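**Q** To convert, take the position in the sequence shown, counting from 1, and add 1; that gives our numbering. Questions regarding the structure given below will be posed in turn.
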Amino acid sequence: MSEPLRIGNASGFYGDRFDAMREMLTGGELDVLTGDYLAELTMLILARDRLKDPGAGYARTFLRQLEDCLGLAHERSVRIVTNAGGRHPAGLADAVRTMADRLGVPVRVAHVEGDDLTAAHPGLAAHAYLGGFGIAECLRAGADIVVTGRVTDAALVTGPAAAHFGWVPGAYDRLAGAVVAGHVLECGAQATGGNYAFFTEGDVRRPGFPLAEIHEDGTAVVTKHPSTGGFVDVGTVTAQLLYETAGARYPGPDVTARLDTVRLTREGPDRVRIEGVRGEAPPPTLKVGLNRLGGFRNEVVFVLTGLGIEAKAALVREQMAAALAKSPPAEVRWDLVRTDRADADTEEAASALLRLVVRDGDQAVVGRALSGAAVELALASYPGFHVLAPPGKGAPYGVFEEVYVPHRSVDHVAVLYDGRRIPVPGPQDTRVLDAVPEPDLPAPLPAGPTRRAPLGLVAGARSGDKGGDANVGVWVRTDDAWRWLVHELTTDRFQRLIPESRSLTVTRHVLPGLRALNFTVAGILGAGVAAQHRFDPQAKALGEWLRSRHLDIPEALL
2 MSEPLRIGNA SGFYGDRFDA MREMLTGGEL DVLTGDYLAE LTMLILARDR
52 LKDPGAGYAR TFLRQLEDCL GLAHERSVRI VTNAGGRHPA GLADAVRTMA
102 DRLGVPVRVA HVEGDDLTAA HPGLAAHAYL GGFGIAECLR AGADIVVTGR
152 VTDAALVTGP AAAHFGWVPG AYDRLAGAVV AGHVLECGAQ ATGGNYAFFT
202 EGDVRRPGFP LAEIHEDGTA VVTKHPSTGG FVDVGTVTAQ LLYETAGARY
252 PGPDVTARLD TVRLTREGPD RVRIEGVRGE APPPTLKVGL NRLGGFRNEV
302 VFVLTGLGIE AKAALVREQM AAALAKSPPA EVRWDLVRTD RADADTEEAA
352 SALLRLVVRD GDQAVVGRAL SGAAVELALA SYPGFHVLAP PGKGAPYGVF
402 EEVYVPHRSV DHVAVLYDGR RIPVPGPQDT RVLDAVPEPD LPAPLPAGPT
452 RRAPLGLVAG ARSGDKGGDA NVGVWVRTDD AWRWLVHELT TDRFQRLIPE
502 SRSLTVTRHV LPGLRALNFT VAGILGAGVA AQHRFDPQAK ALGEWLRSRH
552 LDIPEALL
């Protein structure tokens with residue numbers, strides 16, 4: 002088949018732009034429209050929903066979007082593939098059928114199951130990350146809509162591509178190319194200028210959603226519909242490729258994509274070609290995300306204004322410690338955020354924030370005991386005492402963990418629109434995931450005058466979470482800047498610029514083809530986003546903090 006397969010995206014998370022599905026269906030030509038609704042935190046939310054209602058457990062937003070757009074998709078012969086099934090893909094598939102019957106739209110709905118391993122791993126939820134061949138089976142059998150639970154984000158693209166082009170499980174280079182394209186699409190507007198370090202270079206007030214033209218050989222062109230906002234360039238695609246990845250080998254259930262082989266070229270306005278991607282056999286195990294209840298959490302934020310900030314903080318800390326001594330929480334964390342300025346012209350600008358976070362397995366320990374201790378200080382503590390809000394009764398928090406299981410321990414099944422159940426076998430060949438040796442580095446820039454300036458004047462960054470770890474991708478746009486960055490931004494330098502990483506394990510991955518470094522910071526997010534371990538619990542702004550730090554930068558680059 003010579004014509005490319007046009008796959009678009011209309012959702013990057015549960016709660017993304019509601020109108021995106023209609024915008025993508027009306028904005029230009031599409032063959033397949035995908036929607037990514039799942040994340041580690043989302044699976045926890047959906048698991049709790051299903052505990053309350055056995056018929057729930059899927060992304061209800063998708064149903065409301067589809068009700069508005071089902072007829073339009075049918076008229077335009079656009080197939081829809083989504084992981085909105087979450088904890089209950091069969092339930093969502095039934096709900097779509099019921100809605101389609103009510104609307105009088107003849108669609109064939111299939112779903113994929115087998116990811117739910119909660120019975121074998123007790124907790125709130127345990128889900129294996131499945132690949133794209135279950136989706137492919139559903140589409141080959143004629144499905145118009147395919148609903149999945151926890152598949153890899155890129156599987157929403159590899160599945161349709163495999164079905165369309167007839168790719169077999171061993172077509173590693175083609176599958177790897179589709180994985181890379183799928184990773185670019187999965188977060189929606191992040192590929193079209195959203196959350197982009199150099200956002201001032203285009204109009205990103207309402208970026209359009211991305212699409213990829215997938216070719217039979219696995220190459221792709223990332224673009225967007227005409228007349229939509231935002232922009233697509235090598236930088237926006239590079240940023241998304243670095244998002245929540247790590248080293249040169251990017252593992253998945255169908256293939257391991259070699260990110261060190263990716264070549265990006267600008268093909269025209271809002272068009273970036275992805276080519277050269279090599280693939281290898283997938284690892285012998287599947288990733289399983291475990292969500293469990295970690296205990297209860299509460300917090301109170303004290304406002305400290307004016308003079309003597311440190312002394313005021315010391316006083317209230319001592320008072321709270323004494324008040325909580327009878328029933329001390331298992332975990333107590335204090336953070337003083339110095340947002341105050343001297344001689345400020347507003348009270349808010351003269352104030353710092355002292356945050357107290359407590360955790361314990363007993364809700365009473367973090368609830369009434371904490372609120373009573375904090376409120377009773379109202380007239381008996383530092384001058385100007387007040388809090389942003391009184392603490393509540395304590396809320397449950399989740400913990401995310403990863404385990405790995407053999408492919409054979411998962412019953413991956415495509416449930417076709419006519420009810421037939423087609424088992425999806427695991428890969429015949431696998432390869433243990435070894436680190437790629439660090440590539441040869443370019444020669445450093447010649448010595449010359451430097452200026453103390455923010456890293457972000459020459460480098461972009463994007464960061465995110467993977468369980469309790471964070472990743473920070475940093476890239477530059479010229480060869481000279483790369484020669485400087487790769488020698489300057491070492492692991493040691495990173496830890497000096499990001500002090501809270503100094504006691505943690507930081508790993509640097511070098512990707513010369515993207516002029517990029519990708520850092521993994523192990524454990525910086527504690528037990529994951531649901532545990533709310535730090536101020537920025539998903540590390541979304543960690544990269545921007547790094548860009549704001551000052552280094553001695555060659556003036557030639559500035």
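All C-beta atoms in this analysis are idealised placements derived from N, C-alpha and C, irrespective of residue type, glycine included. Just so we're clear, the structure is a prediction, and the values are computed from it rather than from any experiment.
Checking 8 Å against the spacing of the C-beta atoms, do V530 and S502 come in under that value?
**A** Going by C-beta atoms, V530 is not nearer than 8 Å to S502.
**Q** Alpha carbon to alpha carbon, how far is A282 from T266?
**A** Whole-angstrom Cα-Cα distance: 26 Å.
**Q** Roughly how many angstroms lie between the CA atoms of D466 and A40, to the nearest whole one?
**A** If I take the Cα positions, the gap works out to 10 Å.
**Q** Using 10 angstroms around the beta-carbon of G195, count the other beta-carbons present and answer buried if the total reaches 16, otherwise exposed.
**A** It is buried - the Cβ of G195 has at least 16 other Cβ atoms within 10 Å.
**Q** Are V110 and Y405 closer than 8 Å when you measure CB to CB?
**A** In this structure, Y405 does not lie closer than 8 Å to V110 by Cβ.
**Q** Using beta-carbon positions only, say whether T224 and D255 come within less than 8 Å of one another.
**A** No, these two residues do not count as a Cβ contact at 8 Å.
**Q** Just list the residues that DSSP pairs F297 with in beta bridges.
**A** DSSP, once it has assigned bridges, lists D361, P397 as partnering F297.
**Q** Just tell me which of L505, H413, G307 has its CA closest to the CA of L118.
**A** Closest by alpha carbon: H413.
**Q** For the pair the stretch 470-483 and the stretch 422-439, tell me if three or more CB-CB distances fall below 8 Å.
**A** Too few Cβ pairs lie closer than 8 Å, so no.
**Q** Any idea what DSSP makes of E41, helix, strand or coil?
**A** E41: helix per DSSP, three-state reduction.
**Q** Three or more C-beta pairs under 8 Å: does that hold for the stretch 225-235 against the stretch 243-255?
**A** Result no; under three Cβ-Cβ pairs closer than 8 Å.
**Q** When you compare only the Cα positions, how much space is there between D32 and V158?
**A** Going from the Cα of D32 to the Cα of V158 covers about 12 Å.
**Q** Under 8 Å Cβ to Cβ from G449, same chain only, skipping five residues before and after it: list those, please.
**A** P555, E556, A557.
**Q** Would you give the residue range spanned by the alpha helix (DSSP H) that R548 belongs to?
**A** Element bounds for R548: 543-549.
**Q** To which residues of the same chain is A528 closer than 7 Å at the C-beta, ignoring the five residues directly before and after it?
**A** Excluding residues within five positions, the ones whose Cβ falls inside 7 Å are G295, V400, F401, G469, H534.
**Q** With three or more beta-carbon pairs closer than 8 Å as the criterion, would you say the stretch 137-155 touches the stretch 389-397?
**A** The stretch 137-155 vs the stretch 389-397: no contact.
**Q** Can you find the residues in the same chain that come closer than 8 Å, C-beta to C-beta, to E268, ignoring five residues on each side of it along the sequence?
**A** Taken in chain order, the residues that qualify are V222, R274.
**Q** Since P62 and G16 are thought to touch, with beta carbons under 8 Å apart, how far apart are those beta carbons, to the nearest angstrom?
**A** Position check: residue 62 holds Thr in this sequence, whereas Pro was assumed. Confirmed, Cβ separation roughly 7 Å.
**Q** Per DSSP, which residues does H387 bridge with? Please list them.
**A** H387 is bridged to V304.
**Q** What's the call for S464, buried or exposed, on a 16-neighbour Cβ count within 10 Å?
**A** So S464 counts as buried.
**Q** Assess contact between the stretch 290-305 and the stretch 350-363, defined as three or more Cβ pairs (one per stretch) separated by less than 8 Å. Is contact present?
**A** Touching, per the Cβ criterion.
**Q** When DSSP labels each residue in this structure, what does W485 get in the three-state scheme?
**A** Note: W485 maps to helix in three-state DSSP.
**Q** Taking the alpha-carbon positions, what's the K327 to A540 distance?
**A** Distance between the alpha carbons of K327 and A540 is about 35 Å.
**Q** Quick check: A162 and L131, are their CB atoms within less than 8 Å of each other?
**A** Cβ distance not < 8 Å, so A162 and L131 don't count as in contact.
**Q** If you draw a straight line from the C-alpha of S352 to the C-alpha of A390, how long is it?
**A** Going by the C-alpha atoms only, they are around 15 Å apart.
**Q** Which residue wins for smallest C-alpha separation from R207, given the options H216, I215, S228?
**A** If we check each option's Cα against that of R207, S228 comes out closest.
**Q** Please name the residue in G307, H216, V425, A374 whose C-alpha comes closest to that of D3.
**A** Correcting the residue identity first, residue 3 is Ser in this sequence and not Asp. For S3, the nearest C-alpha among the options comes from H216.
**Q** Give me the Cβ distance between A213 and A182, rounded to the nearest whole Å; I'm assuming they're in contact under 8 Å.
**A** Correct: roughly 4 Å between the Cβ atoms.
**Q** If you check the beta carbons only, do F166 and N10 fall under 8 Å apart?
**A** No, the Cβ-Cβ distance between F166 and N10 is not below 8 Å.
**Q** Buried or exposed for V507, going by 16 or more other Cβ atoms inside 10 Å?
**A** By the neighbour-count rule (16 or more Cβ atoms within 10 Å), V507 is buried.
**Q** So, E276 versus T220, is the Cβ gap smaller than 8 Å?
**A** Yes, the pair counts as a contact, with Cβ atoms nearer than the cut-off.
**Q** Which whole runs of the alpha helix (DSSP H) in the stretch 115-193 are 4 residues long or more, in chain order?
**A** Listed in chain order, they are 134-141, 156-166, 173-186.
**Q** Would you mind listing the beta strand (DSSP E) stretches within the stretch 22-80 that are 3+ residues and don't spill past its ends, in chain order?
**A** As far as the stretch 22-80 is concerned, its whole beta strand (DSSP E) runs of at least 3 residues are 33-36.
**Q** Among G105, L67, A60, which residue has its Cα nearest to the Cα of A91?
**A** When only C-alpha atoms are compared, the closest one is A60.
**Q** Quick check on DSSP: helix, strand or coil for K327?
**A** In this structure, K327 counts as coil in the three-state DSSP scheme.
**Q** Count the other CB atoms within 10 Å of the CB of E377; is the residue buried (16 or more) or exposed (fewer)?
**A** Classification of E377: exposed, given that the 10 Å Cβ count is below 16.
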